[in-house]
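Contents: one structure, followed by commentary.
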Amino acid sequence: MINIWRLTKIQLISSFGLNKALHTRDVKERRKMILLTIGILIGIVMMAVVSFGYSYMIAETLEQIGRPELLLAIMMAVTCLIGFFTTIYKASGVLFGSKDYDLVMSLPIKTSHIVASRVAQLYVLNLFFSLMVMVPAGIVYAIKVNPGVLYYLYFLITLLFIPLVPIIAATIIGALISWVSSRFKGSRIITLILTFVVIIAIIVGSGQINGNNPQLLADMSAQIADQIYSLYPLTLMYVNAVCSFQFDSLVLFIGFSLISFMLFTIVLGSKYKAIHTGLTTSFSKNKYQMKSLAVSSPLYTLYKKELRRYFSSSIYVLNTSIGMVMLLVLAIALLFVSADQLGQLVEIPELSNYLNRLAPLFVSVFVTLSCTTSSSISLEGNNIWILKSAPVPTITILLSKIAVNLTITVPIVIVSSVLLMISLDTGWMESLLLLVIPVLYACLTAMTGVLVNLKLPKLEWTNEVSVVKQSASVLVAMLIGFISLLIPVGLSLLLADLNGNLVLLGIGLLILVVCGVMYRYIQSKGELLFRAL
1 MINIWRLTKI QLISSFGLNK ALHTRDVKER RKMILLTIGI LIGIVMMAVV
51 SFGYSYMIAE TLEQIGRPEL LLAIMMAVTC LIGFFTTIYK ASGVLFGSKD
101 YDLVMSLPIK TSHIVASRVA QLYVLNLFFS LMVMVPAGIV YAIKVNPGVL
151 YYLYFLITLL FIPLVPIIAA TIIGALISWV SSRFKGSRII TLILTFVVII
201 AIIVGSGQIN GNNPQLLADM SAQIADQIYS LYPLTLMYVN AVCSFQFDSL
251 VLFIGFSLIS FMLFTIVLGS KYKAIHTGLT TSFSKNKYQM KSLAVSSPLY
301 TLYKKELRRY FSSSIYVLNT SIGMVMLLVL AIALLFVSAD QLGQLVEIPE
351 LSNYLNRLAP LFVSVFVTLS CTTSSSISLE GNNIWILKSA PVPTITILLS
401 KIAVNLTITV PIVIVSSVLL MISLDTGWME SLLLLVIPVL YACLTAMTGV
451 LVNLKLPKLE WTNEVSVVKQ SASVLVAMLI GFISLLIPVG LSLLLADLNG
501 NLVLLGIGLL ILVVCGVMYR YIQSKGELLF RAL
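Position 207, counted from 1, in the sequence shown is what my numbering calls 207; the numbers after and before it change by one each time, with no gaps.
Shown next as C-alpha cells:
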C-alpha cells in the first residue's frame, strides 16, 4: 500500500510541477508560482460561483414542482457524464502513454501497484471536478430543503465514490478505441475519429433528456426522473441514500462502486503488460522511395513540423479542438432549430436577442477553448535544444506555432460564422463583426498561449496529459481567455442602450490594438524568453 501512495504522490507532484515550486530558491520563480497560485485560486472560486449559481437556478425550478431531490440527481449525472467523456481521451495517456514505462516497470514494485497508482491519479483528477460540481449543488439543496444531520454525513461519504464507475467505463472505451485504431495504418487519425464520434454521440444523447419535450422539466417531473435513473441507475441509489437516508441504498451505492473499481484495477493490473504491448504496437509504413525533395522557407518548414507534431498526439488534438467541433455542431444545429425555440428549450426567453447582439462573442468562447500554443513549447520537452540550436530566428519558430493554432481555429470559425449568418439572418454589419471579431480572438488566443508558455514552461514530463491538460500555462491561458471574454460581455450588457454594432466595433478595435502590442512584445522579448528555457 505504501508503494501505491508513494507512486501516486510522485506522479501528482510531477504532473502539476509542485516539486520545483516547493523547493526552488529562485526569487523570480517563487514570485511566479505565488502569482500562479493566486490565479488558480481565483479560477477555482469563479468556477465554484458559477456552479453554485447554475445549481440555484435549477433548484428554483425544481422547488416549484416539488422535486428538489432531482437537483442532486441532475448534477450527479452531469458530473459523471463530463468526467466520463474527459477521461476517455485522458485515460490512455495516463495509463499507457507515459514515457517512463520502462523505468517504472524495472523497479522492484508489483505491476498491480504501478497500475493502482496510475488509476489513483485518474481518480484524483476526476474527484476535483466532482467536488466543484457536487459541493455547490449540495449546499443549494441544504439551503432549500434544510435536511437532517444524516444528509451531510451521507453526502460527504458518497462524494468520494461518485467518480469511480465513470473512470472504469471511460478507461475501457478509451482503451478499446486505441486498440481498434492500432490495428490499422493511420492509427492516430482513426483514434481521433472514433473518440470524436463517441463524444458527439454522448452530447447528442444527453440532449435527448430535454429534447423530446421542452416542457418536461416544468410539467412532467416524474418522467425526467425516470429518464435520468434509466440512463444511469446509480443515480437512483445515490438519491435514495443522500435524500431519503436509506442505509441499504448507501451500502449498495458504495459497495457497487468500490467493488467494481477494485475488480477493474486488479484485472487491469494482471493484464497491464499485454494491454500496453497491444496498444503501443504499430504497423510500419510503406517502403521509402527516393524522390525529388522540395525546398521550403524556414517558416513553412517549421509550420509543417508543428502541424505533424500536433496531429501525432491524440490527447493534444482532442483537448484543443473539441471547442471547434462543438462550435460547428451548434452552428449546424441552429440551421434547424431557431434561436427562439432554443431559448424556450433552455428556458432563456431573451436568448434570441442575446445571440443577435453577442453572436461574435459567443463564437469567440469556443475559440478561446482551442488554444494549441499554451502547451506547444512545453511539448518539445527534452528536445527543445534542437529548436534553440536551429539556424532560424526565434520569431520564426514562435510564428510557426501561432500559425498552427490559427489553422485549427480560423477555417472552422469562418464556416460556423457563415452558418450563423444564415440562421440568425444578420445584416451586413452584423455579419462583418461576426466574422472579424472571432478571427481577432483567434489571433489573441494564439499569441497569449505562446507568451504564457514562454513564461510558464513545463519541459520535464512523463506523459502528454500532464502538459496538455494539467500544466500551469494551459490553466493560465484558459483563465486569461475567460477574462478577455467576460469584460466585453459585461460591457455589452451594461451598454445595452447604445448601438450594439458600435459597442462590438469598439471591442474589435481594442482587441486589434492588444494583438498588435502582443506581437511587438513577441518580436522584442520572445527570443530572450525562448533562449532562457
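Where is the CB? At the ideal position from N, CA and C, for every residue including glycine.
Keep in mind it's a predicted model, so treat the numbers as computed, not measured.
Query: Secondary structure of Cys515, DSSP reduced to three states; Result: helix
Query: Spatial neighbours of Gln121 in its chain, beta-carbon cut-off 8 Å, leaving aside the 5 residues before and after; Result: Thr8, Gln11, Leu12, Ser15 and Val94
Query: Exposed unless 16 or more other CB atoms sit within 10 angstroms - verdict on Val242; Result: buried
Query: Terminal residues of the alpha helix (DSSP H) in which Phe336 lies; Result: It is not in any alpha helix (DSSP H) - Phe336 carries neither H nor E in the DSSP assignment.
Query: 8 Å contact criterion, which Tyr441 and Ser364 should meet: CB distance rounded; Result: 4 Å
Query: Check whether Ile402 and Ala333 have beta carbons under 8 Å apart; Result: no
Query: Extent of the continuous alpha helix (DSSP H) to which Val145 belongs; Result: Thr111 to Val145
Query: Nearest candidate by alpha-carbon position, reference Leu81, set Leu231, Tyr272, Pro68 and Glu380; Result: Leu231
Query: Span of the alpha helix (DSSP H) around Asp102; Result: Tyr101 to Met105
Query: Sub-8 Å separation of Leu459 and Gly381 beta-carbons; Result: yes
Query: Boundaries (first-last residue) of the alpha helix (DSSP H) holding Glu430; Result: Trp428 to Lys455
Query: Near the ligand ATP: Ile74 beta-carbon under 7 Å from a heavy atom; Result: This structure lacks the ligand ATP; in fact it carries no ligand of any kind.
Query: Residue range of the alpha helix (DSSP H) that includes Met421; Result: Thr394 to Leu424
Query: DSSP three-state assignment for Phe161, whether helix, strand or coil; Result: coil
Query: CB contact flag (Ser260, Leu358, <8 Å); Result: no
Query: Cut-off 6 Å between Cβ atoms - residues of its own chain near Pro166, not counting five sequence neighbours on either side; Result: Cys80, Gly83 and Phe84
Query: Residue burial classification, Phe264 (beta-carbon count within 10 angstroms, cutoff 16); Result: buried
Query: 8 Å contact criterion, which Leu302 and Thr396 should meet: CB distance rounded; Result: 6 Å
Query: Burial state of Arg118 (16 or more Cβ within 10 Å); Result: buried
Query: Contact set for Phe362: own chain, Cβ-Cβ below 7 Å, skip 5 residues either direction; Result: Leu355
Query: Rounded straight-line distance, which links the Cα of Ser378 to that of Leu36; Result: 17 Å
Query: Cβ shell of Arg531 (< 8 Å), same chain only, five flanking positions each side left out; Result: Lys388 and Thr394
Query: DSSP-derived helix/strand/coil call for Pro391; Result: coil
Query: Residue environment, Arg6, which counts as buried when at least 16 other CB atoms sit within 10 Å; Result: exposed
Query: Residues near Leu268 in its chain [Cβ-Cβ closer than 6 Å; skip 5 each side]; Result: Val115
Query: Pairwise C-alpha distance: Ile173 and Ser92; Result: 10 Å
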